[in-house]
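In order, the protein sequences belong to chains A and B.
Mapping of the first sequence onto the UniProt record's numbering: position 87 corresponds to residue 87, and the numbering continues sequentially without gaps.
Mapping of the second sequence onto the UniProt record's numbering: position 97 corresponds to residue 97, and the numbering continues sequentially without gaps.
Where is the CB? At the ideal position from N, CA and C, for every residue including glycine.
Right, one structure below, let's go through it.
2 protein chains.
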Amino acid sequence: MTAPLPKPETLSKERLRLWLRMLRVTRQVEAALREKLRLEFDSTLPRFDVMAALLREREGLKMNELSRRLRVSNGNVTGIVDRLADDGLVERIAIEGDRRATRVRLTPAGCDAFTVMAQAHESWVNELLDGVDAEDAHHIGELLHRLPADTGAR
Amino acid sequence: MTAPLPKPETLSKERLRLWLRMLRVTRQVEAALREKLRLEFDSTLPRFDVMAALLREREGLKMNELSRRLRVSNGNVTGIVDRLADDGLVERIAIEGDRRATRVRLTPAGCDAFTVMAQAHESWVNELLDGVDAEDAHHIGELLHRLPADTGAR
DNA sequence: GCTTGAAATTTTAAGCTTGAAGCAATTCTT
DNA sequence: AAGAATTGCTTCAAGCTTAAAATTTCAAGC
Chain A
1 MTAPLPKPET LSKERLRLWL RMLRVTRQVE AALREKLRLE FDSTLPRFDV MAALLREREG
61 LKMNELSRRL RVSNGNVTGI VDRLADDGLV ERIAIEGDRR ATRVRLTPAG CDAFTVMAQA
121 HESWVNELLD GVDAEDAHHI GELLHRLPAD TGAR
Chain B
1 MTAPLPKPET LSKERLRLWL RMLRVTRQVE AALREKLRLE FDSTLPRFDV MAALLREREG
61 LKMNELSRRL RVSNGNVTGI VDRLADDGLV ERIAIEGDRR ATRVRLTPAG CDAFTVMAQA
121 HESWVNELLD GVDAEDAHHI GELLHRLPAD TGAR
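Next up, the structure:
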């Protein structure tokens, strides 16, 4: 007896089911992280993302680069940086030789604040993904890495 | 020689890496779907989600139930349903015996419109998850299912 | 019947998000 | 060097999202 025929329809449904499950898990984790950030640091995920991107680049990033790294619209970054700057966590610095662009970087206060948040963030994720051992994590990561969606330009 | 010691730190980092990758893939797929919905149907993901929830329940759902199923705030659902109702795709129906609640259901036009969109949506997901065979899909699904985040109440 | 409390929904304020339009500065072309 | 296209950023309109406050209605308890 041969193996059962793979119905052409099944694969599509299976992928749809996987997508819905990924979406649900991701949203759940995001919601948990958002609430934690709000309650413990009176902050938000977008703010965290911006600060995370800036931490690595001590000389700062252009708005341009920031929006490309985070994969969000440039108009979006403007607002988030505005609010972070109001709070004294980041600062806009003029770029010599190009008066159109500005460089954004963490202030010392922003750097300190983010360091604390990042540590908490990692431990929250660690708790939320409880039950995933290193092997699973690595395995899922590999599978996800195969998706076209994970291969886009940085 | 014994197996390498599992550093306590490694697992946490590995989970963090997995989370960041899941987040990136999910956002990428969401962005693609959002754009498709906008260009081809002049619609949005939240509208799609609401209509999807309503399709199964031909008698409709209370705002209450809708917001619980979609896991979004009730105030949020109000706005989305408002706009769908403006477009004649859903309708609010009074519930006899309780003047506080309303039942929302797809209009025939909404039902037709969603059927077309749902078909396109499935094929988009199928393309976006190209490279994931049925076995992979099933496997990742199982792993995700183990997460505490996927075990919450429906 | 009246009051108190709970339930269903809407409203509100603040922030996030996008795509498109608008501005200013730079670079390219001729 | 003048005009044209490009680049970098902000502004804008519309919609999504949440948490919290406000409204209206229902359900008990007294």
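Contact annotation for B/Met117 against chain A: no contact, minimum CB-CB distance about 14 Å [criterion: below 9 Å]. In the three-state reduction of the DSSP assignment, A/Thr44 falls in the coil class. Beta-bridge partners of B/Leu66 (DSSP): none assigned. The beta carbon of A/Leu18 falls within 8 Å of a beta carbon belonging to chain B, placing the residue at that interface. A straight line joining the alpha-carbon of A/His139 with that of A/Leu23 spans about 19 Å. Distance from the CA atom of A/Glu35 to the CA atom of B/Gly75, rounded to whole angstroms, is 17 Å.
The Cβ of B/Val132 sits closer than 8 Å to at least one Cβ of chain A. DSSP places A/Thr102 within a strand segment (E or B) once states are collapsed to three.
Within the same chain, and ignoring the five residues on either side of B/Val90 in sequence, the residues whose Cβ sits closer than 7 Å to its Cβ are Leu54, Val81, Leu84, Val104, Arg105, Leu106, Thr107 and Gly110. Around the beta carbon of A/Glu96, fewer than 16 other beta carbons sit within 10 angstroms, so the residue counts as exposed.
For the set A/Leu45, A/Glu30, A/Thr102 and A/His145, the Cα lying nearest the Cα of A/Gly60 is the one of A/Thr102. Here B/His121 is buried, its C-beta having at least 16 other C-beta atoms within 10 Å. A/Ile80: member of the alpha helix (DSSP H) spanning Asn74 to Asp86, first to last residue. Looking at the DSSP output, A/Val90 sits in a beta bridge with A/Leu106.
Classified as exposed, B/Val116 has fewer than 16 neighbouring CB atoms from the shown chains inside 10 Å of its CB. Contact check for A/Asp49 and A/Leu70: beta-carbon distance about 6 Å, within the 8 Å limit, so the pair qualifies. Listed as beta-bridge partners of A/Leu61 by DSSP are A/Val104.
In the structure shown, the three-state DSSP call for A/Glu142 is helix. Taking 8 Å as the threshold, the shortest C-beta distance from A/Gly141 to chain B falls below it.
For A/Asp136, the nearest beta carbon of chain B is closer than 8 Å to its own beta carbon. Counting C-beta atoms within 10 angstroms of its own C-beta, B/Leu144 has 16 or more neighbours from the protein chains shown and is therefore classed as buried. In the assembly as shown, A/Glu14 is a buried residue. Its beta-carbon has 16 or more other beta-carbons within 10 Å. Contacts between B/Glu40 and chain A, judged by CB atoms closer than 8 Å, are missing: the closest CB pair is about 18 Å apart.
Here the alpha carbon of B/Gly131 sits roughly 33 Å from the alpha carbon of A/Val77. Taking 7 Å as the Cβ-Cβ cut-off, the segment 31-57 of chain B has no residue approaching chain A.
Collapsing the DSSP output to three states places B/Val132 in coil. In chain order, Ser12, Lys13, Arg15 and Leu16 make up the part of chain B whose C-beta sits under 9 Å from the C-beta of A/Glu122. Taking every protein chain shown into account, the CB of B/Thr26 has 16 or more other CB atoms within 10 angstroms, so this residue is buried.
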